[in-house]
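Take 6 as the starting number for the sequence shown in this note's numbering and just add one per residue.
Each residue gets a CB set at the ideal place from its N, CA and C atoms; glycine is no exception.
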Amino acid sequence: AVLAGRPDPEEARKWHSVGSHAFTYAFPQVGNEEPETYRRNFGLVLWKAGFDGAMNYAYQHGFNHIWNDFDDKTYRDHNFTYPTVHGVVGTIQWEGFREAVDDVRYVTTLEQAIERAPAAKKQIARQARHWLDALDPQTCDLYETRAEMVRWLLQLRE
């Protein structure tokens with residue numbers, strides 16, 4: 006299912022209960038120079054809500070000329086990247102989205118380490134799980150949160 010707006014954990018549970026995936030859409034659309042918004046919303050917010058991914062509109066959409074965001078009377082272009090002859094030019098919002106993917110990789114790795122913790126590390130694993138459960142992705146400092154995930158991972162692997 007592709008669900009517009011803020012990810013709702015109850016919606017994710019409903020779709021998962023019938024064997025489907027839950028993806029978010031338009032949270033927000035692409036094109037705003039707000040890297041933290043894309044990092045937060047497409048990273049830890051999706052993870053915490055139990056969503057499986059995101060479908061964004063659009064990777065590249067120019068209403069007239071793709072290199073002029075302001076050539077349409079109504080809308081700005083929707084670009085995560087801009088095309089070139091040999092590839093793309095990234096944007097700060099694209100970098101925020103990339104950081105979101107990295108955040109989910111870190112949290113997934115931490116969850117796996119918690120699950121696989123040997124008996125000698127079960128107490129640390131419980132503490133790490135408690136920390137993850139209490140994490141508020143809407144308000145947490147994303148840089149500090151990633152650093153804390155690394156600290157938990159190192160404790161679980163030492």
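Helix, strand or coil for N84, going by three-state DSSP, please let me know. The residue given as residue 84 occupies position 79 in the sequence shown. Strand at N84.
Considering only C-alpha positions, which residue in the set A27, E15, R134, F32 is nearest to Y62? Numbered from its first residue, the sequence shown carries residue 62 at position 57. For Y62, the closest of A27, E15, R134, F32 by C-alpha to C-alpha distance is F32.
Whose C-alpha, out of A27, D141, L147, D76, is nearest the C-alpha of E41? Your numbering for residue 41 matches position 36 in the sequence shown. Checked all of A27, D141, L147, D76; the closest Cα to E41 is L147.
May I ask you to verify whether the region 86–93 touches the region 16–28, counting CB pairs closer than 8 Å and requiring at least 3? The region 86–93 vs the region 16–28: no contact.
Are A139 and A130 close, meaning C-beta to C-beta below 8 Å? Numbered from 1 along the sequence shown, position 134 holds the residue referred to as residue 139. Numbered from 1 along the sequence shown, position 125 holds the residue referred to as residue 130. The Cβ atoms of A139 and A130 do not sit closer than 8 Å to each other.
Using 8 Å as the threshold, is the C-beta distance between A105 and R18 below it? By 1-based counting over the sequence shown, the position of residue 105 is 100. By 1-based counting over the sequence shown, the position of residue 18 is 13. R18 sits away from A105, with the two beta carbons spaced by 8 Å or more.
Is it buried or exposed for Q171, if we count other Cβ within 10 angstroms and need 16 for buried? Here the chain has residues from 6 to 163 only, and residue 171 is not among them.
Have a look at the DSSP bridge pairing and note the partners of T148. Your numbering for residue 148 matches position 143 in the sequence shown. Rather than Thr, the amino acid found at residue 148 in this sequence is Tyr. Per the DSSP secondary-structure output, Y148 pairs with nothing in a beta bridge.
Which residue from Q117, A125, K53, D108 puts its Cα closest to that of E163? Translated into the one-based positions of the sequence shown, residue 163 becomes position 158. Ranking Q117, A125, K53, D108 by Cα distance to E163 puts A125 first.
Under the rule that 16 or more other beta-carbon atoms within 10 Å means buried, what is D77, buried or exposed? Counting from 1 along the sequence shown, the entry for residue 77 is found at position 72. That one is exposed.
Going by beta-carbon coordinates alone, are V7 and M60 separated by less than 8 Å? Here residue 7 is taken as the residue at index 2 of the sequence shown, counted from 1. Here residue 60 is taken as the residue at index 55 of the sequence shown, counted from 1. The criterion of a C-beta distance shorter than 8 Å is satisfied by V7 and M60.
Whole-number beta carbon distance between F68 and D82, since they are thought to touch under 8 Å: Taking the sequence shown and counting its residues from 1, one reaches residue 82 at position 77. Taking the sequence shown and counting its residues from 1, one reaches residue 68 at position 63. Sure, about 6 Å apart at Cβ, within 8 Å.
Helix, strand or coil at V23 according to DSSP, with G and I counted as helix: Here residue 23 refers to the residue found at position 18 of the sequence shown. In this structure, V23 counts as coil in the three-state DSSP scheme.
Indicate the three-state DSSP secondary structure (helix, strand or coil) for V93 in the structure shown. In the sequence shown, the residue the question calls residue 93 occupies position 88. Strand at V93.
Could you spell out where the beta strand (DSSP E) holding Y30 opens and where it closes? Your numbering for residue 30 matches position 25 in the sequence shown. Per DSSP, the unbroken beta strand (DSSP E) holding Y30 starts and ends at 28–30.
Separation of Y80 from E100, as counted between CA atoms: Here residue 100 corresponds to residue number 95 of the sequence shown, with the count starting at 1. Here residue 80 corresponds to residue number 75 of the sequence shown, with the count starting at 1. Cα to Cα, E100 sits roughly 22 Å from Y80.
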